[in-house]
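Asks: The structure is given below, and queries will be raised subsequently.
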């Protein structure tokens, strides 16, 4: 495998839970600490059983999450019980994971999204308003593979929404190319880099479950290259 380029952070790690589409900026599309959802709730807290695909997302577009960050700002978020952020993830990573603490079993259904309380966690020394961060620019990227690579190289990961077909649920490794099955809906992911393997170009993607995967690059497979979104934070 020849990985040409990727943007990585130690906060990218394993995915024990799955935010829905509007919260895919959570894992630092602009910054790994920032989380947004274009509704009343500022921290999205939906969880699925470990190792399973989400039953269904409620919908939404990444551009709306970015726009929320631009208009209203978002406070810092992080992992469950993380102390150095305003609002850590409210639900524990359910199920058993190798080399990770066990907090408890997974629920039969997703937990409901909690109400938004505009206050940081106890003992966090920065106020809610002072902790807010705002997006400066929000924009769609052109359906141009070279331009997308330039954006990732220059500013970091971008968000992509692609059509999910039935065969994607059978993906186990390698470079995914859609071949069969019905369209089951759209899914938003974080594109962190690119590379080539055995003459096949691919995007390297961080998913909200089962860690990373690769998808063929340069052919707009599943519409992956026609709905990419990027943004920049105010300094």
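Residue numbers (UniProt numbering): 1 to 235. Yeah, the Cβ is synthetic: ideal placement off N, Cα and C, and Gly gets one too. All of these numbers come straight from a predicted model, not from anything done at the bench.
(1) Are residue 159 and residue 120 closer than 8 Å when you measure CB to CB?
(2) Find out if the Cβ-Cβ distance for the pair residue 228, residue 191 is shorter than 8 Å.
(3) Quick test of your reading: residue 145 and residue 217, contact by CB under 8 Å. State the CB separation rounded to the nearest angstrom.
(4) Are the CB atoms of residue 123 and residue 232 within a distance shorter than 8 Å?
(5) Quick one: Cα of residue 175 to Cα of residue 222, how far?
(6) Hey, quick one: how far does the beta strand (DSSP E) through residue 184 stretch, first residue to last?
(7) If you reduce the DSSP assignment to three classes, tell me which class residue 207 lands in.
(8) Between which two residues does the alpha helix (DSSP H) containing residue 70 stretch?
(9) On the DSSP bridge assignment, give the partners of residue 87 in chain order.
(10) Check for me: the alpha helix (DSSP H) holding residue 236 runs from which residue to which?
Replies: Concretely, from the data shown:
(1) Taking 8 Å as the cut-off, the Cβ atoms of residue 159 and residue 120 do not count as close.
(2) yes
(3) Residue 145 to residue 217, Cβ: 6 Å. Contact.
(4) no
(5) Roughly 13 Å separates the two Cα atoms.
(6) 183-197
(7) coil
(8) Taken as a continuous stretch (DSSP letters only), the alpha helix (DSSP H) holding residue 70 covers 62-72.
(9) 77
(10) As displayed, the chain neither begins before 1 nor continues past 235, which places residue 236 out of reach and without an answer.
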